Ligand code: AMP
Ligand code: GLY
């Protein structure tokens, strides 16, 4: 079976490595992929947003199955485009991807179907938004409606900051059209948990929970990033909480999407906050998380290719989805300066790693047979072990065996989880 994976980061590398375990997936192509994935697939360089080229490539290469991983092509209708031509896909269609692509949509959905989330107001007129932040409780959260590379959320500690956030989105168009509509919502407190799930619209199977580390620096300081590391499972996510989330959030969400005529098929990501009033949805993503995937998929014992096909055929209820009870830790190695400006083009060298450790490459290119850094987040080192402590230790041991100039990583990935586990 010939499979193409659209996307080119660490998440996609983790998906590809997992798919490769099934000998049925005889050839795997990445669109575009990156220079660090060469051992695992064919890198095509075709842009993730180039829908016409996806179709052309699929036809010319007799592709049997496509996986669309990133939010932008999903929101643009990459799955619709391929399915129309008879190519089976894993990923939601454009109508369902709106659950991530528009925060105003997802907030309205939650309100309509009583799914717990932060209270909110939606504004399309700047003067109304400004008037609202004059009066509301502080701190307050201001969000651009559309996709903004994870940067369209501002937590305003003062009224002044809230006003600036509204102005930057609605007047200065800092996030382009994504900020024409803004959602202003209640500030929630509590530990955050990421839960990815497989769903075919009828059945929903949560994957093992995980914890992201979004800030650039140790101790959750510094700027927000795409994610500097992850652990799985997330120790805050107890069995009781999982049961509540299934009943109050996960099932109601897929049922709500069905009722809206927007059946969601693919990976639905629940960004949750465990508040004192119970678990609440902070955000939905219509895709696998990055770098959550880099700890979740290494714990998957069942066959990912089979699960993807079952989701596409709407028979997820018939296949086994089993996760190991081990722990995983992923440490992201970035270019010094990320998430602002940084240099690239340094050679990456990786020594032999322990059997429980693997590298997922995010930002690299191949030049004259050498793999060079080519992005902010360069790669993630994931280790799996029977204890969280050992997984963390082994991931950091792995980091010592990865070399490139200007490398930068957090030293405390998993430490908070470790403390919770020991309580
Ligand atoms: P989002 O892009 O919606 O996931 O928001 C990015 C990050 O902002 C989340 O991971 C949270 O840490 C934080 N955040 C978003 N909404 C809220 C909220 N209502 N209260 C507190 N923090 C929030
Ligand atoms: N790690 C957060 C995300 O993928 O959106």
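In our numbering, the protein residues as written are 4 to 426. Think of the CB as a built atom: it goes at the ideal place given N, C-alpha and C, for glycine as much as any other residue. Since the structure is predicted, the reported quantities are computational estimates derived from the model, not experimental observations.
N- and C-terminal bounds of the alpha helix (DSSP H) containing residue i
i, result
"residue 274", "Here residue 274 belongs to no alpha helix (DSSP H); instead the beta strand (DSSP E) covers 269–278."
"residue 34", "It is not in any alpha helix (DSSP H) - residue 34 instead sits in the beta strand (DSSP E) that spans 30–35."
"residue 86", "81–87"
"residue 288", "Residue 288 -> not in any alpha helix (DSSP H); beta strand (DSSP E) instead, spanning 281–288."
"residue 54", "54–63"
"residue 261", "254–262"
"residue 22", "13–22"
"residue 427", "Lying outside 4 to 426, the shown extent of the chain, residue 427 is not represented and no answer is given."
"residue 166", "162–169"
"residue 297", "296–299"
"residue 418", "418–425"
"residue 219", "Where residue 219 is concerned, there is no enclosing alpha helix (DSSP H), although the beta strand (DSSP E) it sits in stretches over 218–220."
"residue 393", "391–403"
"residue 133", "129–138"
"residue 319", "Careful: residue 319 lies outside any alpha helix (DSSP H) and carries neither H nor E."
"residue 247", "242–248"
Near ligand 2: residue i beta-carbon under 7 Å from a heavy atom
i, result
"residue 255", "no"
"residue 295", "yes"
"residue 215", "yes"
"residue 149", "no"
"residue 288", "yes"
"residue 230", "yes"
"residue 292", "yes"
Any non-hydrogen atom of ligand 1 closer than 7 Å to residue i Cβ
i, result
"residue 285", "yes"
"residue 353", "no"
"residue 279", "no"
"residue 191", "yes"
"residue 66", "no"
"residue 144", "yes"
"residue 195", "yes"
"residue 188", "yes"
"residue 118", "no"
"residue 156", "yes"
"residue 274", "yes"
"residue 121", "yes"
For residue j and residue i, believed in contact at Cβ under 8 Å, the rounded distance
i, j, result
"residue 121", "residue 141", "Not really, about 14 Å apart at Cβ, beyond 8 Å."
"residue 234", "residue 335", "Actually they do not touch by this definition, with Cβ atoms about 12 Å apart."
"residue 61", "residue 77", "Incorrect: roughly 16 Å between the Cβ atoms, too far for contact."
"residue 293", "residue 372", "About 27 Å separates the two Cβ atoms, so there is no contact after all."
"residue 331", "residue 302", "5 Å"
"residue 8", "residue 70", "5 Å"
"residue 313", "residue 116", "Actually they are not in contact, since the Cβ atoms of residue 313 and residue 116 sit about 26 Å apart, beyond 8 Å."
"residue 411", "residue 13", "Incorrect: roughly 16 Å between the Cβ atoms, too far for contact."
N-terminal and C-terminal residue of the beta strand (DSSP E) that residue i is part of
i, result
"residue 375", "373–376"
"residue 48", "Premise fails: residue 48 is in no beta strand (DSSP E) and is neither H nor E."
"residue 351", "Run containing residue 351: none; DSSP gives neither H nor E here."
"residue 188", "185–189"
"residue 66", "Note, residue 66: premise wrong, no beta strand (DSSP E); not H, not E."
"residue 331", "330–338"
"residue 386", "380–388"
The region 383–397 touching the region 199–214, judged by at least three CB pairs closer than 8 Å: no
Check whether the region 405–425 and the region 340–359 are in contact - that is, three or more C-beta pairs closer than 8 Å. yes
For the pair the region 181–198 and the region 236–244, tell me if three or more CB-CB distances fall below 8 Å. yes
Using 8 Å as the Cβ pair cut-off and three pairs as the minimum, do the region 86–96 and the region 261–278 touch? yes
Taking 8 Å as the threshold, find out whether the region 46–64 comes into contact with the region 323–339 through three or more Cβ pairs. no
Can we say the region 144–152 touches the region 170–178, given the rule of at least three CB pairs closer than 8 Å? yes
Tell me whether the region 337–349 and the region 213–230 touch, counting them as touching only if at least three CB pairs, one residue from each stretch, are closer than 8 Å. yes
Mind the definition here: the region 282–292 touches the region 302–319 only if three or more C-beta pairs lie below 8 Å; say whether that holds. no
Evaluate contact between the region 244–253 and the region 357–368, counting only Cβ atoms and requiring at least three cross-stretch pairs below 8 Å. no
So, do the region 63–82 and the region 250–266 have three or more beta carbon pairs nearer to each other than 8 Å? no
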